[in-house]
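Undergrad: Numbering (the numbering used here), first residue to last: 1162 to 1520.
Idealized CB from N, CA, C, for every residue including glycine.
Starting off with a structure, shown below.
Take a look at the structure:
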């Protein structure tokens, strides 16, 4: 079986695809995997690091205004479709699997052109252009949130095994030791994701002193492209966290954006959070975390409304109330899906089997 993944752009689109690819190969080592993506996103770095081949097409983001790139867009997209179709024919692809993002469009269109089965997963509360378009070409559609795509089956977001199998209580001591955090006392983990760290960092900068003075330890991922603040007692700024499972295990509370992957991981491991949705796209981030907040597993504040003073007061109120944190953790965990990856792998296998049987 050869599975071609159509994904790229941001980590939110790539990581679930890479996780699913890994699980497919673990289940059946004879499975061949390749990726069709763009040349401008993270796929060039992330796909190669996992050992998979990448066909970089001329896929471009959908233009938002009239410009030279807007004029070139349709021609580059058509070229990208032919590049993707050539790859599908070359490897005799059994199925194309996509998790959205502009870089997925050529792969989706190529699947339709070559009559290759197409499987689409939508993780956000509002579907992006690529998945809305792709869903018109296939009945094999799944979504995390109900009602996002008309004929989608419910399915959680595939999570990397280190998160899906995490036991927070067992790993807490080791995790805190990784960043020299105290074994006792509250720890707040703060990160802004691949796109949304800068404004959150500005808000956090005005909160750190008050939080640490109150005995709260802070682990803060500021983002690779941002200036690293000076550390001081109880404050651990880092550019990037490679082992997010350990960071979750160390934390009593998280302050973060509302990316689909972040929401899926925090509910899977049962860590309460203050969500600050990034105001981009169709407003999907606010919808991603809303079910968690409604269930009692977190709080949500608009990006334009969050201030250092509000964050300080709210975070201190939460971490100083262990009973409330336990209740929030349980509520978050009730929405988690640790088995979505296995469900996704079974579904892909079923689609391929039906095709082989001509159904």
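(1) Take residue 1477 as the anchor and find which of 1506, 1457 and 1416 has the nearest alpha-carbon.
(2) Considering only the alpha carbon of each residue, which of 1246, 1446, 1479 and 1432 lies closest to residue 1216?
(3) Rounded to the nearest angstrom, what separates residue 1405 and residue 1311 at their Cα positions?
(4) Given a cut-off of 7 Å, decide if residue 1354 and residue 1451 are closer than it, judged by their beta-carbon atoms.
(5) Tell me where the beta strand (DSSP E) around residue 1382 begins and ends.
(6) If you draw a straight line from the alpha carbon of residue 1163 to that of residue 1434, how long is it in whole angstroms?
(7) Roughly how many angstroms separate the alpha carbons of residue 1173 and residue 1466, rounded to a whole number?
(8) Please report the straight-line C-alpha distance between residue 1239 and residue 1267, rounded to a whole angstrom.
(9) Closest to residue 1322 by CA distance: which of 1308, 1407 and 1495 is it?
(10) Might you give, ordered along the chain, the residues of its own chain that have their beta carbon closer than 8 Å to the beta carbon of residue 1209, omitting 5 neighbours on each side?
(11) Taking Cβ to Cβ, would you say residue 1301 is nearer than 7 Å to residue 1512?
(12) Does DSSP put residue 1212 in a helix, in a strand, or in coil?
(13) Candidates 1226, 1200 and 1318: which alpha carbon is nearest residue 1420's?
(14) Using 7 Å as the threshold, is the C-beta distance between residue 1378 and residue 1395 below it?
(15) Once the 5 residues before and after residue 1471 are set aside, which same chain residues still bring their CB inside 8 Å of it?
(16) Closest to residue 1432 by CA distance: which of 1519, 1508, 1338 and 1324 is it?
(17) Which residues in the same chain as residue 1180 place their Cβ atom closer than 7 Å to its Cβ, once the five residues preceding and following it in sequence are excluded?
(18) Where does residue 1221 sit, in a helix, a strand or coil, going by DSSP?
(19) Less than 6 Å between C-beta atoms, sequence neighbours within five positions excluded: which residues of the same chain meet that for residue 1288?
(20) Less than 7 Å between the C-beta atoms of residue 1473 and residue 1368, yes or no?
(21) Does the Cβ-Cβ distance between residue 1497 and residue 1423 come in under 7 Å?
(22) Apply the 10 Å Cβ neighbour rule to residue 1381 and answer buried if 16 or more other Cβ atoms are within range, or exposed otherwise.
(23) So, under 8 Å CB-CB, residue 1278 and residue 1516 are touching, yes? Tell me the CB distance rounded to an integer number of Å.
(24) Whole angstroms is fine: what's the gap from residue 1454's alpha carbon to residue 1347's?
(25) Can you name, in chain order, every residue of its own chain whose Cβ lies under 8 Å from the Cβ of residue 1426, other than the five neighbours on each side?
(26) Which complete alpha helix (DSSP H) runs does the stretch 1228–1291 hold, if anything under 4 residues is left out?
(27) What do you get for residue 1507, buried or exposed, if any count of 16 or more other CB atoms within 10 angstroms of its CB means buried?
(28) Residue 1414 by DSSP, collapsed to three states: which one?
(29) Apart from the five residues just before and just after residue 1260, which ones in its own chain have a Cβ nearer than 6 Å to its Cβ?
TA: So, to answer that:
(1) Ranking 1506, 1457 and 1416 by Cα distance to residue 1477 puts 1416 first.
(2) The shortest C-alpha separation from residue 1216 is found at 1246.
(3) If I take the Cα positions, the gap works out to 33 Å.
(4) Result no, Cβ atoms of residue 1451 and residue 1354 do not sit closer than 7 Å.
(5) From DSSP, the beta strand (DSSP E) with residue 1382 extends over 1378–1382.
(6) Using only the alpha carbons, I get a separation of about 39 Å.
(7) Going by the C-alpha atoms only, they are around 25 Å apart.
(8) The C-alpha of residue 1267 is placed about 8 Å away from the C-alpha of residue 1239.
(9) When only C-alpha atoms are compared, the closest one is 1407.
(10) Within the same chain, residue 1209 has close Cβ partners 1215.
(11) Taking 7 Å as the Cβ cut-off, residue 1301 and residue 1512 qualify as a contacting pair.
(12) Coil at residue 1212, not helix or strand.
(13) Looking at the Cα atoms, 1318 is the closest of the given residues.
(14) Yes. Within cutoff.
(15) Here the set comprises 1462.
(16) Distance from the Cα of residue 1432 is smallest, within the candidate group 1519, 1508, 1338 and 1324, for 1324.
(17) Correct list, in chain order: 1319, 1320, 1321 and 1502.
(18) Looking at residue 1221 - three-state DSSP - the assignment turns out to be coil, as it is neither helix nor strand.
(19) Closer than 6 Å at Cβ, skipping near neighbours: 1309 and 1310.
(20) Against a cut-off of 7 Å, the Cβ pair of residue 1368 and residue 1473 comes out as a contact.
(21) In this structure, residue 1497 lies away from residue 1423, with their beta-carbon atoms at least 7 Å apart.
(22) Per the 10 Å Cβ criterion, buried.
(23) Rounded, the Cβ-Cβ distance is 5 Å, consistent with contact.
(24) So the alpha carbons of these two residues sit roughly 21 Å apart.
(25) Cβ within range, chain order: 1320, 1324, 1405 and 1409.
(26) Runs of the alpha helix (DSSP H) inside the stretch 1228–1291: 1229–1252 and 1266–1275.
(27) Under this definition residue 1507 is an exposed residue.
(28) It is a strand residue.
(29) Around residue 1260, the same chain offers 1168, 1174, 1177, 1178 and 1282 as residues with beta carbons nearer than 6 Å, after the five sequence neighbours per side are excluded.
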